[in-house]
Amino acid sequence: MARETSLPGAENRERVIIRTSVIGILANVFLAALKFTIGLLANSVAVISDAVNNLSDALSSVITIVGTKLAAKAPDKKHPMGYGRIEYLSALIVSAIVLYAGITAFVDSVKKIIHPEEVSYTVVSVVIIAAAVAVKLVLGAYVKKKGKEVNSGSLVASGEDASHDAILSASVLLSALIHLLFHINLEAWVGALISVFIVKAGLEMIREAVDEMLGVRVSSELSGKIKEIVNGVPGVLGSYDLLLNNYGPDRFIASIHVEVDETMSVREMDGLTRLLQKEVYAATGVILATVGVYSVNTGNTEAARIREEVRSLVQAHKEVLQFHGFYVDTEAKRMTFDVILDFAAEDRHALFETIREEVRAAWPEYEVHVTLDVDASD
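Structure below.
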């Protein structure tokens, strides 16, 4: 099935990401300028660390915009599936920036702990910090909401980061109030605490970005919806082996096996395949590039009996998650089926060999072909 990978609404998605990122840039640059000014006037390493964090957020938004623009490039001969995965790379770069900002802030804070310096806050500076906390809370909620609307990992990460920043800024505000009211200097310790949280957030963001680049299990919601659509099409007796390849957010190329009556003609199968591709794409935007076929014995009571006996033997092993694709030719004495084994099994390949030998021993007159499938989706 040949179909371009750009999806309906892609241009609108790009506009939303860029507009939201620009808002984030403007807000963070403004907050960083205010906090730098307050931090320098008050000689506060905690406020300056918070300002550095705002600047890293602004830079992250710039990278998000660049990544989104590059990811939106049309497919070409070299990259026929498009450039959508660039968004995962941009998310990784954003994570690295956040991590660097956290480490830098931690080093500065430790220096201040070892060599403490006096700070001096004013009521005005405390009010400004409080306002900055409120702005960060609103910005975080807004960016995260927009990120979920358009399925942008970079935006969601930026929104979560902004929400965390608001909490950390609140700790700066608390330390400023304590100093203003009780003349107790907690600046360096609060700055160190903030930096630890920033480092932790950066590491988590890197892990998530790397997971996406390596490939993670598709959500059960999406896989369930696709199988529901496929199983609802007349002629399909069952669906298995759904495999989705991710080429960027909302860009999936899929393959699936369906069970059909052994008497179905090639012409009927061609019509069924095209209908499945049309229905799945219309409902989910997933391109069902390949539809494999499992032929099912129908009207043969002997085949049905053998299938249930083999099923019972195979599924006696608790590590077997699924038994499917069974077909037996009672005249040629040949049977085939697939099994899916739990990843938690101690030795999946040894168990597979055991199952195959058990079936061969139970039906020695048959040529037995068993395939070990991957548990790729729910």
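Numbering (the working numbering), first residue to last: 13 to 390.
Cβ atoms here follow ideal geometry from the backbone N, Cα and C, with glycine treated the same way.
query	result
Cβ contact check for the region 299-309 and the region 258-273: 3 or more pairs under 8 Å	yes
Glu199 and Val57 closer than 7 Å at C-beta	yes
For Asp273, the three-state DSSP class (helix, strand or coil)	strand
Other residues of its chain near Ile105: CB distance less than 6 Å, five sequence neighbours each side excluded	Ile75
Helix, strand or coil at Thr32 according to DSSP, with G and I counted as helix	helix
DSSP-derived helix/strand/coil call for Val308	strand
Cβ neighbours of Ile218 in the same chain (closer than 6 Å, five flanking residues each side left out)	Ser107
Within 7 Å, strictly: CB atoms of Ile367 and Val322	no
Alpha carbon of Ala45 to alpha carbon of Asp62, nearest angstrom	11 Å
Limits of the beta strand (DSSP E) - the one that Arg346 falls within	Arg346 to Leu353
Leu19 versus Ala142 - alpha carbon distance	With a pLDDT of 47 at Leu19, under the threshold of 50, the modelled position of that residue is not reliable, and no figure is offered here.
Three-state class that DSSP yields for Leu19 in the structure shown	Note that Leu19 has pLDDT 47, beneath the 50 cutoff, so the model's placement of it is unreliable and no number is given.
For Gly171, the three-state DSSP class (helix, strand or coil)	helix
First and last residue of the uninterrupted alpha helix (DSSP H) at Tyr100	Ile98 to Ile126
Beta-carbon proximity of Ile318 to Val340, cut-off 7 Å	yes
Thr134, enclosing alpha helix (DSSP H) - first and last residue	Careful: Thr134 lies outside any alpha helix (DSSP H) and carries neither H nor E.
Beta-carbon proximity check, Val150 vs Gly36, cutoff 7 Å	no
C-beta contact flag for Ser187 and Val202 at 7 Å	yes
Val136, buried or exposed, once every other Cβ within 10 Å from all chains shown has been counted against 16	exposed
Residues near Asp390 in its chain [Cβ-Cβ closer than 6 Å; skip 5 each side]	Ser232 and Ser235
As assigned by DSSP and simplified to three states, the class of Tyr252	strand
Segment contact flag, the region 279-286 with the region 220-231, C-beta cutoff 8 Å, min 3 pairs	no
Outcome for Val351 when other beta-carbon atoms lying within 10 angstroms are tallied against a minimum of 16	buried
Beta-carbon proximity of Glu314 to Thr348, cut-off 7 Å	no
Residues sharing a beta bridge with Ala182, DSSP	According to DSSP, Ala182 bridges with nothing at all.
Sequence-distant residues of the same chain with beta carbon closer than 6 Å to Met13, five excluded per side	Reliability of the predicted coordinates at Met13 is poor, the pLDDT of 49 falling under 50, and the value obtained from them is presented with this limitation in mind. Once the five neighbours on either side are set aside, the close Cβ partners of Met13 are Gln289 and Ala301.
Boundaries (first-last residue) of the alpha helix (DSSP H) holding Asp69	Val57 to Ala83
Beta-carbon proximity of Ser102 to Val145, cut-off 7 Å	no
Assigned exposure category for Ala374 - 16 Cβ within 10 Å defines buried	exposed
Of the listed residues Asn40, Ala54 and Ala344, nearest to Val184 (C-alpha basis)	Ala54
The beta strand (DSSP E) enclosing Gly337, as first and last residue numbers	Val332 to Asp341
Proximity to Leu71 [Cα-Cα], best of Val382, Asn24, Thr383 and Ser170	Ser170
C-beta atoms of Ser68 and Ala204 nearer than 7 Å	no
Ala14 (DSSP reduced to helix, strand or coil)	Any reading at Ala14 must be qualified, since the residue scores a pLDDT of 46, below 50, and its modelled position is unreliable; the value itself is stated next. Coil.
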